[in-house]
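Report on the structure given below.
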Amino acid sequence: MTCEDTTAVRLTWEIQEHEPFSKVWICRGYGRATTTAAPADIARAVLAGHLATEPERDREALRALAYTDTSGPRIVTEEQLAAGDWTADETVLQALPTHLRDALAAAATPRPGASPAL
43 MTCEDTTAVR
53 LTWEIQEHEP
63 FSKVWICRGY
73 GRATTTAAPA
83 DIARAVLAGH
93 LATEPERDRE
103 ALRALAYTDT
113 SGPRIVTEEQ
123 LAAGDWTADE
133 TVLQALPTHL
143 RDALAAAATP
153 RPGASPAL
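Going by this note's numbering, the first residue of the sequence shown is number 43, and it counts up by one from there.
This is the structure in structure tokens:
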């Protein structure tokens, strides 16, 4: 018997963009899943997938948050995502919508002719 709780819970996630003039976070994406994955892992995957679908441009700060019915939000910022060496496991991927799952897969696949990262 392990100490891990493998009971699936209902989880809600959001992608938010900071609006500097009103100083509020505006929801840009929203979703729900029933999963055993940790809310922080879902928030990382959602933000990484969303960033992979957005063209590079001057944008405001983005963050993702995920929470269950019984837990507070776990917030992940772009800086935290860039600082960590993290990959989504199968449980996390199954909780994501198809467009984010596909974006993560495309971002992980090197483009033909691209130079390898140093």
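Quick reminder that beta carbons are idealized off the backbone N, C-alpha and C, glycines included.
The model shown is predicted, which means the values in this text are computed figures rather than measured ones.
One alpha carbon belongs to A125, the other to V118, and they sit about 11 Å apart.
Counting other Cβ atoms within 10 Å of its Cβ, V134 reaches 16 or more and is therefore classed as buried. At least 7 Å separates the beta-carbon of L93 from that of A106.
Linking D127 to P115 through their CA atoms gives a straight-line distance of about 22 Å. Per DSSP, the continuous alpha helix (DSSP H) segment holding L146 begins and ends at T140 to A150.
Around P139, the same chain offers G73 as residues with beta carbons nearer than 7 Å, after the five sequence neighbours per side are excluded.
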